[in-house]
Amino acid sequence: LGFALTCQYLAARCAFGYGTDLRAAVFRHIQTLSQTELDKLGSSTLINRITNDVTASQSGVNMFIRLASRAPFLVVGAIVMALLIDWQLSLIFLIIAPIVGFLLYFVMHRTIPMYGANQKRLDRIARRTGENLDGVRVIRAFARQKQEDERFAEDCAELERSMLAAGRISAVLNPLTFLILNLGIVAVLWFGGGHVDTGRLSQGDLTAFANYMTQILLAMVQLANLIQILTKAQASSLRIAEVLETKSSMQDGTETPDTASEEAICFEHVTFGYPGAGDPALEDISFTLQKGQTLGLIGGTGSGKSTLAALITRSYDPTEGNVRVFGKDVRSYKGTALHRCIGTVPQKAVLFTGTIAENLRWADEHADEQTIREALETAQAAEFVDAMQYGLETHLVQGGRNLSGGQKQRLTIARALAGKPAMLILDDSMSALDYATDAALRKALAERQGMTTVVISQRATSLMHADLILVLEDGRCVGQGTHSELLETCEVYREIYEASAK
Numbered sequence: 001l002g003f004a005l006t007c008q009y010l011a012a013r014c015a016f017g018y019g020t021d022l023r024a025a026v027f028r029h030i031q032t033l034s035q036t037e038l039d040k041l042g043s044s045t046l047i048n049r050i051t052n053d054v055t056a057s058q059s060g061v062n063m064f065i066r067l068a069s070r071a072p073f074l075v076v077g078a079i080v081m082a083l084l085i086d087w088q089l090s091l092i093f094l095i096i097a098p099i100v101g102f103l104l105y106f107v108m109h110r111t112i113p114m115y116g117a118n119q120k121r122l123d124r125i126a127r128r129t130g131e132n133l134d135g136v137r138v139i140r141a142f143a144r145q146k147q148e149d150e151r152f153a154e155d156c157a158e159l160e161r162s163m164l165a166a167g168r169i170s171a172v173l174n175p176l177t178f179l180i181l182n183l184g185i186v187a188v189l190w191f192g193g194g195h196v197d198t199g200r201l202s203q204g205d206l207t208a209f210a211n212y213m214t215q216i217l218l219a220m221v222q223l224a225n226l227i228q229i230l231t232k233a234q235a236s237s238l239r240i241a242e243v244l245e246t247k248s249s250m251q252d253g254t255e256t257p258d259t260a261s262e263e264a265i266c267f268e269h270v271t272f273g274y275p276g277a278g279d280p281a282l283e284d285i286s287f288t289l290q291k292g293q294t295l296g297l298i299g300g301t302g303s304g305k306s307t308l309a310a311l312i313t314r315s316y317d318p319t320e321g322n323v324r325v326f327g328k329d330v331r332s333y334k335g336t337a338l339h340r341c342i343g344t345v346p347q348k349a350v351l352f353t354g355t356i357a358e359n360l361r362w363a364d365e366h367a368d369e370q371t372i373r374e375a376l377e378t379a380q381a382a383e384f385v386d387a388m389q390y391g392l393e394t395h396l397v398q399g400g401r402n403l404s405g406g407q408k409q410r411l412t413i414a415r416a417l418a419g420k421p422a423m424l425i426l427d428d429s430m431s432a433l434d435y436a437t438d439a440a441l442r443k444a445l446a447e448r449q450g451m452t453t454v455v456i457s458q459r460a461t462s463l464m465h466a467d468l469i470l471v472l473e474d475g476r477c478v479g480q481g482t483h484s485e486l487l488e489t490c491e492v493y494r495e496i497y498e499a500s501a502k
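Using the numbering used here, the letters of the sequence shown map in sequence onto residues 1 to 502.
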């Protein structure tokens, strides 16, 4: 009893430690992957692999330690004792063992790919669930609940069929193992009875031999159960290994940006295309922006504005051409060093569970109260934060769902500013603001001396005071210059301005 309890305890300790370390290793590795690899793998499958697959692998380790530490000793000990009693009867083991081994191999060979396919179907269900939760308002607005229910039910039914198919194969393992081993016991009793009649064996020896056979039976049944668990763990381990073996397509540089450089951004004939896409998202883009200036990016949906901003932060590398930031090729910088110098506010305002103060300190965890206050005032967020009962200590739920769209946008801008970046990128981050707040925010940003700003907007009026405006259409730059220059020379910009001015 003491040995069994010790074995169970040590197995649990090892398995949970293994699961914890593996989960942390996968998470750390995911952080090193470039946006290209993250797009290719997908968030839903990464979540499943770091949770469900690691748990399945952990269970496999637990059961392996528990059973592998006992079953081999039982089998070897029983076989040795059986050989000492009657080596001829022991030949029955040599007949049974290959049959059971083939059965175990057959089950593993058939079910490992099936369990892997099941996990992929779970990924699809997770992705479908995430899409529906994120887009629940759109689904209800278009009355698409029934269609989405049918699609989800179809995915679940497909998973059910696949799991049942794998379950049917696994289900035959235990009964067949029992059958084969019990037939072995019958053979032992049959031939052993003849040996008793001839006087080669005593009844006690035959009983002992049958007991050893029973011990082998129990050990083989445990092995069969272990194989079932290990097949699932093996399928999950292959999926985990796929993530760990995925290498980032972008090699990290070693240099630190010199934010004092007079050249802030320079694109030289830059072309970029997403993997698998036909036409490039950006084609032959060239421009230069000096330190402290403001760059405006404008164009229709899908024109490449956000893609251009992603190249500045090196979320992707260009297919052709060069991107220089702070006077040097962006690929020469260490990723963390570059990102500390650039404050990025994405299209979708992303806030995390915690207090407002904790969210604002993401860029600089040591930011003092004055820095946070200045960031809030510049982002036009100080007024509504002060009006809250707990102010900066107000707790935000996941995604900041207890705030309005405009409040979330202003807090994400304040978060970027709290890190005192040398460059600020606003990716259509003021779309939820009214014109008065938008104007006040632009004025406050302009007062920040020395900070280079990149503003992506659908409103031409938001970019009127930019030092340089790029007009993008289908990935091409169809115009660049100041607001007044583009009104005279660029028809696309003129149409956008006239539409937004109405």
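Cβ atoms here follow ideal geometry from the backbone N, Cα and C, with glycine treated the same way.
CB contact flag (residue i, residue j, <8 angstroms)
i      : j      : result
Leu159 : Ile112 : no
Ser303 : Leu468 : no
Asp252 : Gln347 : no
Arg128 : Phe102 : no
Gln35  : Tyr316 : yes
Leu22  : Ile240 : yes
Pro257 : Thr271 : no
Ala466 : Tyr497 : no
His366 : Gly321 : no
Leu104 : Ala224 : yes
Leu470 : Leu297 : yes
Glu37  : Thr259 : no
Thr378 : Leu426 : no
Phe209 : Gly192 : yes
Glu255 : Ser332 : yes
Met114 : Ala166 : yes
Backbone secondary structure at residue i - three-state DSSP
i      : result
Tyr316 : coil
His465 : coil
Val136 : helix
Val61  : helix
Thr482 : coil
Ala504 : Since the displayed the chain opens at 1 and closes at 502, residue 504 lies outside it and no answer follows.
Asp21  : helix
Gly194 : helix
Arg459 : coil
Arg161 : helix
Leu470 : strand
Asp434 : coil
Gly204 : helix
Asp427 : strand
Arg442 : helix
Of the residues the options, the one placed nearest residue i, counting alpha carbons only
i      : options                           : result
Ser509 : Thr437, Ser236 and Met163         : In the structure as shown, the chain begins at 1 and stops at 502. Residue 509 is therefore absent and cannot be evaluated.
Leu173 : Leu226, Ala157 and Arg161         : Leu226
Ile312 : Asp284, Gln222 and Thr344         : Thr344
Gly475 : Val80, His483, Glu268 and Glu283  : Glu283
Ala440 : Leu83, Gln380 and His483          : Gln380
Leu417 : Glu393, Asp364 and Leu433         : Asp364
Leu122 : Val80, Leu89, Ile85 and Ser162    : Ser162
Lys305 : Ala141, Val478 and Arg415         : Val478
Leu74  : Phe191, Asn211, Gly19 and Leu164  : Asn211
Val508 : Ile413, Leu486 and Arg168         : Since the displayed the chain opens at 1 and closes at 502, residue 508 lies outside it and no answer follows.
Ile185 : Leu33, Leu206 and Trp362          : Leu206
Gly335 : Thr32, Thr20 and Leu10            : Thr32
Arg340 : Thr319, Thr394, Phe384 and Arg314 : Arg314
Leu133 : Ser249, Glu148 and Gln119         : Glu148
Ala375 : Asn359, Thr51 and Gly204          : Asn359
Val26  : Gln228, Glu242 and Arg200         : Glu242
Leu46  : Ser404, Ala143, Gln119 and Gly273 : Gln119
Ala24  : Glu383, Thr51 and Ala432          : Thr51
Ala357 : Ala349, Arg28, Val330 and Tyr390  : Tyr390
Ala71  : Gln145, Leu433 and Cys7           : Cys7
Phe267 : Gly278, Gly273 and Ile285         : Ile285
Gln54  : Ala277, Lys443, Met430 and Ser236 : According to the sequence as given, residue 54 is Val; it is not Gln. Ranking the options by Cα distance to Val54, first place goes to Ser236.
Any non-hydrogen atom of the ligand MN closer than 7 angstroms to residue i Cβ
i      : result
Ser162 : Of ligands this structure carries none, so the ligand MN is not represented either.
Exercise. For the region 447 to 461 against the region 292 to 308, are there 3 or more C-beta pairs whose distance is under 8 angstroms?
Worked result: yes
Problem set entry | Length-filtered (4 minimum) alpha helix (DSSP H) runs lying within the region 374 to 409 | 382 to 387
Exercise. Counting pairs of beta carbons, one from the region 168 to 185 and one from the region 88 to 100, are three or more of them closer than 8 angstroms?
Worked result: yes
Problem set entry | Inside the region 268 to 344 only - beta strand (DSSP E) runs reaching at least 3 residues | 282 to 290, 294 to 299 and 320 to 325
Exercise. Does the count of Cβ pairs from the region 100 to 110 and the region 149 to 159 closer than 8 angstroms reach three?
Worked result: no
Exercise. When the Cβ atoms of the region 60 to 70 are set against those of the region 214 to 229, are three or more pairs found closer than 8 angstroms?
Worked result: yes
For this session: Flag this pair as touching only if the region 352 to 363 and the region 395 to 412 have three or more C-beta atom pairs under 8 angstroms; answer yes or no.
Result: yes
Exercise. Any contact of the region 2 to 21 with the region 38 to 58, i.e. 3+ C-beta pairs under 8 angstroms?
Worked result: yes
For this session: Please confirm if the region 324 to 337 is in contact with the region 262 to 274, defined as three or more CB-CB distances below 8 angstroms between the two stretches.
Result: yes
Exercise. What are the uninterrupted segments assigned as alpha helix (DSSP H) that are 4 or more residues long and contained completely in the region 60 to 115, given in chain order?
Worked result: 71 to 85
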